[in-house]
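Asks:
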Amino acid sequence: MAAEEKKKEESESESASSDGPRPWQSYHTVYTNAKAGMEGVDKEKVQRVVYEMSKGSKYFENEERKEAFIRQKIERMRARSAELTAAELAHYQTVADKRMLELEATRDFSKVWLHVDMDAFYAAVETLSDPSLKGKPMAVGGMSMISTANYEARRYGVRAAMPGFIARKLCPELILVPVDFKKYTYYSGLTRKVFQRYDPHFIAGSLDEAYLDITEVSKERGVSGGEVAEELRNTVFGETGLTCSAGVAANRLLAKVCSDINKPNGQFVLPNERLAVMTFISSLPIRKIGGIGKVTERILTDVFGISTCEEMLQKGGYLCALFSHSSADFFLSVGLGLGATDPPQMRLRKSISNERTFQATDNEALLYQKIDELAEMLSSDMQKEGLHGRTLTLKLKTSSFEVRTRALTLQNYISSRDDIYKYASKLLKAELPVSLRLIGLRVSQFKEDKVGAPSDPTQKTLLSFMSADASGNFNKGQSSLGSETSSTLFMNDLGVDISVETDETIESESENPLDRNDASDPTRNCTWIEFAGKTEGMHEHINGSTMDKADACTKESDPKSRQLEKSNRMGPDSFLPHTSEMSSCLNQEDNNHYRLQGETSSRHEEQILWMNDYKCSLCGIELPSSFVEERQEHADFHLAERLQKEESGMDSRTVIAGKRSAQTQTGSGKKHKKRKSLPSDGHLPINVFFGKINQKP
DNA sequence: GGGCCATGT
DNA sequence: TAGCACATGGCCC
Numbered sequence: 001m002a003a004e005e006k007k008k009e010e011s012e013s014e015s016a017s018s019d020g021p022r023p024w025q026s027y028h029t030v031y032t033n034a035k036a037g038m039e040g041v042d043k044e045k046v047q048r049v050v051y052e053m054s055k056g057s058k059y060f061e062n063e064e065r066k067e068a069f070i071r072q073k074i075e076r077m078r079a080r081s082a083e084l085t086a087a088e089l090a091h092y093q094t095v096a097d098k099r100m101l102e103l104e105a106t107r108d109f110s111k112v113w114l115h116v117d118m119d120a121f122y123a124a125v126e127t128l129s130d131p132s133l134k135g136k137p138m139a140v141g142g143m144s145m146i147s148t149a150n151y152e153a154r155r156y157g158v159r160a161a162m163p164g165f166i167a168r169k170l171c172p173e174l175i176l177v178p179v180d181f182k183k184y185t186y187y188s189g190l191t192r193k194v195f196q197r198y199d200p201h202f203i204a205g206s207l208d209e210a211y212l213d214i215t216e217v218s219k220e221r222g223v224s225g226g227e228v229a230e231e232l233r234n235t236v237f238g239e240t241g242l243t244c245s246a247g248v249a250a251n252r253l254l255a256k257v258c259s260d261i262n263k264p265n266g267q268f269v270l271p272n273e274r275l276a277v278m279t280f281i282s283s284l285p286i287r288k289i290g291g292i293g294k295v296t297e298r299i300l301t302d303v304f305g306i307s308t309c310e311e312m313l314q315k316g317g318y319l320c321a322l323f324s325h326s327s328a329d330f331f332l333s334v335g336l337g338l339g340a341t342d343p344p345q346m347r348l349r350k351s352i353s354n355e356r357t358f359q360a361t362d363n364e365a366l367l368y369q370k371i372d373e374l375a376e377m378l379s380s381d382m383q384k385e386g387l388h389g390r391t392l393t394l395k396l397k398t399s400s401f402e403v404r405t406r407a408l409t410l411q412n413y414i415s416s417r418d419d420i421y422k423y424a425s426k427l428l429k430a431e432l433p434v435s436l437r438l439i440g441l442r443v444s445q446f447k448e449d450k451v452g453a454p455s456d457p458t459q460k461t462l463l464s465f466m467s468a469d470a471s472g473n474f475n476k477g478q479s480s481l482g483s484e485t486s487s488t489l490f491m492n493d494l495g496v497d498i499s500v501e502t503d504e505t506i507e508s509e510s511e512n513p514l515d516r517n518d519a520s521d522p523t524r525n526c527t528w529i530e531f532a533g534k535t536e537g538m539h540e541h542i543n544g545s546t547m548d549k550a551d552a553c554t555k556e557s558d559p560k561s562r563q564l565e566k567s568n569r570m571g572p573d574s575f576l577p578h579t580s581e582m583s584s585c586l587n588q589e590d591n592n593h594y595r596l597q598g599e600t601s602s603r604h605e606e607q608i609l610w611m612n613d614y615k616c617s618l619c620g621i622e623l624p625s626s627f628v629e630e631r632q633e634h635a636d637f638h639l640a641e642r643l644q645k646e647e648s649g650m651d652s653r654t655v656i657a658g659k660r661s662a663q664t665q666t667g668s669g670k671k672h673k674k675r676k677s678l679p680s681d682g683h684l685p686i687n688v689f690f691g692k693i694n695q696k697p
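Numbering follows full-length UniProt numbering, in which position 610 of the first sequence is assigned residue number 610; successive positions increment by one, without gaps.
1) Let me know if Asp362 comes out buried or exposed under the rule of 16 or more other beta-carbons within 10 Å of its beta-carbon.
2) What residue range is occupied by the uninterrupted alpha helix (DSSP H) comprising Ala167?
3) Does the segment 265–276 come within contact of the segment 243–253, defined as at least 3 CB pairs closer than 8 angstroms?
4) Please name the residue, chosen from Leu410, Gly205 and Asp97, that lies closest to Lys315 on a Cα-to-Cα basis.
5) Put His115 into one of helix, strand or coil per three-state DSSP.
6) If I measure Cβ to Cβ from Phe121 and keep anything under 7 angstroms in the same chain, skipping five residues before and after, which residues do I get?
7) Hey, how far is the Cα of Ala360 from the Cα of Leu366?
8) Rounded to the nearest angstrom, what separates Met312 and Pro285 at their Cα positions?
9) Rounded to a whole number of angstroms, what is the C-alpha to C-alpha distance between Thr654 and Asp342?
10) Identify whether Asn262 lies in helix, strand or coil by the three-state DSSP scheme.
11) Taking 8 angstroms as the cut-off, decide whether the C-beta atoms of Leu232 and Tyr198 are in contact.
12) Need the endpoints of the alpha helix (DSSP H) that Asn234 sits in, please.
13) In angstroms with no decimal places, state the Cα-to-Cα distance between Arg221 and Lys193.
14) Rounded to a whole number of angstroms, what is the C-alpha to C-alpha distance between Met143 and Phe165?
15) Helix, strand or coil for Leu190, going by three-state DSSP, please let me know.
16) Of the residues Gly293, Ala167 and Lys66, which one's Cα is nearest the Cα of Glu52?
17) Mark Ser57 as exposed unless 16 or more other C-beta atoms lie within 10 angstroms of its C-beta, in which case mark it buried.
18) For Ala160, which of helix, strand or coil comes out of DSSP?
19) Using 8 angstroms for Cβ pairs, my map puts Asp117 next to Ser218. What's the rounded Cβ distance?
20) Between the alpha carbons of Asp213 and Phe202, how many angstroms are there, rounded?
21) Span of the alpha helix (DSSP H) holding Ala424?
22) So, with DSSP's three-state summary, where would you put Asn150?
23) Please state whether DSSP places Arg390 in a helix, a strand or coil.
24) What is the DSSP secondary structure of Val434, reduced to helix, strand or coil?
25) Look at the Cβ atom of Met77, then the Cβ atom of Val303, and state whether they are nearer than 8 angstroms.
26) Classify Phe280 as helix, strand or coil using the three-state DSSP reduction.
27) Let me check understanding here. Comparing Cα to Cα, which of Val95, Glu364 and Ser81 lies closest to Leu332?
28) Please name the residue in Asn265, Glu402 and Glu126 whose C-alpha comes closest to that of Ala229.
29) The beta strand (DSSP E) that contains Met138, what's its start and end?
30) With a Cβ-Cβ cutoff of 8 angstroms, do Glu239 and Ile281 count as a contact?
31) With 16 other CB atoms within 10 Å as the buried threshold, where does Asp260 fall?
32) Give me whichever residues DSSP pairs with Lys395 in a beta bridge.
33) For Ser444, count neighbouring C-beta atoms within 10 Å of its own C-beta (all shown protein chains included) and say buried if the count is 16 or more, exposed if not.
34) Quick one, which of Lys429, Arg417 and Leu392 has its alpha-carbon nearest Gln411's?
35) Could you give the C-beta distance for Leu378 and Leu428, rounded to a whole number, given that I count them as a contact under 8 angstroms?
36) Taking the runs of the alpha helix (DSSP H) that are 4 residues or longer, which of them lie wholly in the segment 274–362?
So, in structure tokens, the structure goes:
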């Protein structure tokens, strides 16, 4: 459904004729968005119906509050933008120009990516199992919410994420079919079997979407990407009876956009040439891009007048001035038509949650009962995946649709129903009395070692890996990557790349001209041992949900933070991966996140510093630099010690598998914190130096 | 660490 | 008749 569910026509309503007030025009809602199959829809009518059905409701009032908030944000950004001096603008323009060049240099036409998107997937599956639905307007979902609608229904303006009662208003004869995930999973499995033949490492975006690297197939068989797509779609249809659409392009971001163009049951090929890409991107509405949603689009359009991707480049200076690095980088990349071409970074789940909406109530017994049910479900989900977390977040939606979250971080890891219930109740208690319509529970900050997992082999492997790490030799190993928990990504073996990348990471730090500013890096002369672990620095647009916040603006309204922002741009954190401790002083955390640069990652480090060349900064033990082996062992000791008791520290699975380390996202928040406080010796007048440990061949 | 936001299905 | 979800990642303070 992915690409089908988004798109919007809000701007169109603005240009409607002016006979009489049209209050619905200001009711910006996602439901009025157009999407594939909605071309002939009377959008104004849809918008009016949605408005009429919604106005006066608490939901509506809440939407208005949200809308007002976005407007404020836009105002703030406009003001900030207008405030920019000529000098500042000039500066940011050079920043943008430089960055564009750097991004351009990463352009890669060596791959052919195919994005497949099933057409109205749930609806199509339901029609397969009940052919009488064929040709009739139908939607999967219920009166409160629709998951997807078939193309007949879309002609009436019915679309996913629209409440069923509004859909019925738009299309009285609409047939609503309840959701049946089992069915969709089964058919999804069939499609994946086909995908597998073309790319064994294909990336499953969701049940109905996938990315395939068809470079090899295409080459081996001497056929074009378009031909592969054609054949694949035929095969999928033959084996499932379902149609799909495809996009072929040099990177995943573009491939995804392309698959939407000739939907349903069509495909679009964007040639692997710069000119083709730039032409394609130049007129492309920004909202087509995965990761640019309703809010981001509004901001870009209303603040900067950007509505096409090309305009991202024209306004590059402003974007760099007003957005965080990661956001600006992303926007510029979009303007250049760049996207990920490498196998995706492995992502580990960071949190697990569930939530339920119910009839609003302030009955406390009932609320506790809901908590109990959620705790039960969540605990069972966690056990299935062997997860144990120490942060519990309670999410509440009041009867007026106001959303609150309350979190609690524990000393210990929990996963049992009782524990979850106990702490969730505690959180809820503090909110009472309250009338709620939704409660949600979320557990994060996972422990890396799953319960029952033998710890010994783990530690061993860890240590051997760490040693290799410290000496610069990565275990390019073959160790098992552990269980793939998320169904969203299929893993790729990146073994070899990682070690290369690591070296590069280190190098690039010193090579980056932007890094030169920092004269006071406390670790500059330190012997250090890195406790492996890198976070994935790139936000993949695989399965959505990784848009960088575009509201960096709020913090930049005062000169101080502007200054800060500036130093960030100039400082050691700029653009390239870093290992500098100093960075954390200046850091906005998102400096650690880079889009579309493939391998860029930042490291988390826990370092042992040999103070004055002989004294361990962690325990004070004295070991001259000539005791190379001993030092190594000593470092290992600290590592092991730390890993054992530091529940939350590193993702041990990460460390175990060398090839996995750079692909893994670990709990970055915590480690950033740690990193900040880490060089306890940073402020000591120590004479530290680069010792032999990390120079070992 | 906590709260909240954005995205996408 | 009234009625608008769920899951996850990430940013900012």
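Glycine is no exception: its CB is placed at the ideal position from the N, C-alpha and C atoms.
Replies: On the basis of the data shown:
1) Sequence index remark: in the first sequence, residue 362 carries index 362 (1-based). With fewer than 16 other Cβ atoms from the protein chains shown falling within 10 Å of its own Cβ, Asp362 counts as exposed.
2) What you label residue 167 is simply residue 167 of the first sequence in a count that begins at 1. Run containing Ala167: Gly164 to Leu170, per the alpha helix (DSSP H) assignment.
3) Judged by pairs of C-beta atoms under 8 angstroms, the segment 265–276 touches the segment 243–253, as three or more such pairs exist.
4) Numbered from 1 along the first sequence, position 315 holds the residue referred to as residue 315. Out of Leu410, Gly205 and Asp97, Asp97 has the C-alpha closest to the C-alpha of Lys315.
5) In the first sequence, counting from the first residue as 1, residue 115 sits at position 115. Correct three-state label for His115: strand.
6) Working through the first sequence from its first residue, we reach residue 121 at position 121. Around Phe121: Met1, Thr148, Tyr184, Leu207 and Asp208.
7) Reading the first sequence from its first residue, position 360 is the one you call residue 360. Reading the first sequence from its first residue, position 366 is the one you call residue 366. C-alpha separation (whole angstroms): 10 angstroms.
8) The residue labelled residue 312 in the question sits at position 312 within the first sequence. The residue labelled residue 285 in the question sits at position 285 within the first sequence. Rounded to whole angstroms, Met312 to Pro285 spans 11 angstroms at the Cα level.
9) As a first step, residue 654 is located in the first sequence; it is residue number 654 there, counting from the start. As a first step, residue 342 is located in the first sequence; it is residue number 342 there, counting from the start. Confidence at Thr654 is low in this model, with a pLDDT of 30, below 50, so the placement of that residue is unreliable and no value is reported for it.
10) Residue mapping note: residue 262 aligns to position 262 of the first sequence, counting from 1. Asn262 sits in coil when the DSSP states are folded into three classes, being neither helix nor strand.
11) Along the first sequence, read from residue 1 onward, the residue named residue 232 stands at position 232. Along the first sequence, read from residue 1 onward, the residue named residue 198 stands at position 198. Yes; because the gap between Cβ atoms is below 8 angstroms, this pair is in contact.
12) To locate residue 234, count along the first sequence from 1; it is residue 234. Counting along the chain, the alpha helix (DSSP H) containing Asn234 begins and ends at Gly225 to Thr240.
13) Position 221 of the first sequence, counted from the first residue, corresponds to residue 221. Position 193 of the first sequence, counted from the first residue, corresponds to residue 193. Roughly 20 angstroms separates the two Cα atoms.
14) Against the first sequence, residue 143 aligns to sequence position 143. Against the first sequence, residue 165 aligns to sequence position 165. Their Cα atoms are separated by approximately 5 angstroms.
15) Reading the first sequence from its first residue, position 190 is the one you call residue 190. It is helical.
16) Taking the first residue of the first sequence as 1, we reach residue 52 at position 52. Looking at the Cα atoms, Ala167 is the closest of the given residues.
17) Taking the first sequence and counting its residues from 1, the one referred to as residue 57 is at position 57. By the 10 Å Cβ count, Ser57 comes out exposed.
18) As a working mapping, residue 160 is identified with position 160 in the first sequence. Three-state result, Ala160: coil.
19) Residue numbering aside, residue 117 sits at position 117 when the first sequence is read from its first letter. Residue numbering aside, residue 218 sits at position 218 when the first sequence is read from its first letter. At roughly 19 angstroms, the Cβ-Cβ gap does not stay under 8 angstroms, so Asp117 and Ser218 are not in contact.
20) Numbered from 1 along the first sequence, position 213 holds the residue referred to as residue 213. Numbered from 1 along the first sequence, position 202 holds the residue referred to as residue 202. Straight-line Cα distance between these residues: approximately 7 angstroms.
21) Along the first sequence, read from residue 1 onward, the residue named residue 424 stands at position 424. First-last of the alpha helix (DSSP H) with Ala424: Arg417 to Lys429.
22) On the first sequence, residue 150 is found 150 positions in, with the first residue counted as 1. Note: Asn150 maps to coil in three-state DSSP.
23) Here the question's residue 390 lines up with position 390 in the first sequence. Three-state result, Arg390: strand.
24) Walking along the first sequence from the start, residue 434 turns up at place 434. Val434 falls in the coil class under three-state DSSP.
25) Taking the first sequence and counting its residues from 1, the one referred to as residue 77 is at position 77. Taking the first sequence and counting its residues from 1, the one referred to as residue 303 is at position 303. It is a contact, given that the beta carbons lie within the stated cut-off.
26) Taking the first residue of the first sequence as 1, we reach residue 280 at position 280. In the structure shown, Phe280 adopts helical secondary structure according to DSSP, grouped into three states.
27) Here residue 332 refers to the residue found at position 332 when the first sequence is read from its first residue. Cα-wise, what sits closest to Leu332 is Val95.
28) As a position in the first sequence, residue 229 is number 229, starting the count at 1. Sorting Asn265, Glu402 and Glu126 by C-alpha distance to the C-alpha of Ala229 places Asn265 at the top.
29) Residue 138 sits at position 138 when you count from the first residue of the first sequence. Taken as a continuous stretch (DSSP letters only), the beta strand (DSSP E) holding Met138 covers Met138 to Gly141.
30) Position 239 of the first sequence, counted from the first residue, corresponds to residue 239. Position 281 of the first sequence, counted from the first residue, corresponds to residue 281. In this structure, Ile281 does not lie closer than 8 angstroms to Glu239 by Cβ.
31) Locating residue 260 in the first sequence gives position 260, where the first residue counts as 1. Asp260 is buried by the Cβ-count criterion.
32) For the purposes of this step, residue 395 is taken as residue 395 along the first sequence, with counting starting at 1. Answer is Thr405 and Gly440, bridged to Lys395.
33) Counting from 1 along the first sequence, the entry for residue 444 is found at position 444. Buried, since its Cβ has 16 or more Cβ neighbours within 10 Å.
34) Taking the first sequence and counting its residues from 1, one reaches residue 411 at position 411. Checking every option, the nearest Cα to that of Gln411 belongs to Leu392.
35) Locating residue 378 in the first sequence gives position 378, where the first residue counts as 1. Locating residue 428 in the first sequence gives position 428, where the first residue counts as 1. Not confirmed; about 14 angstroms, so no contact.
36) 274–282, 294–304, 309–314, 316–322 and 325–336
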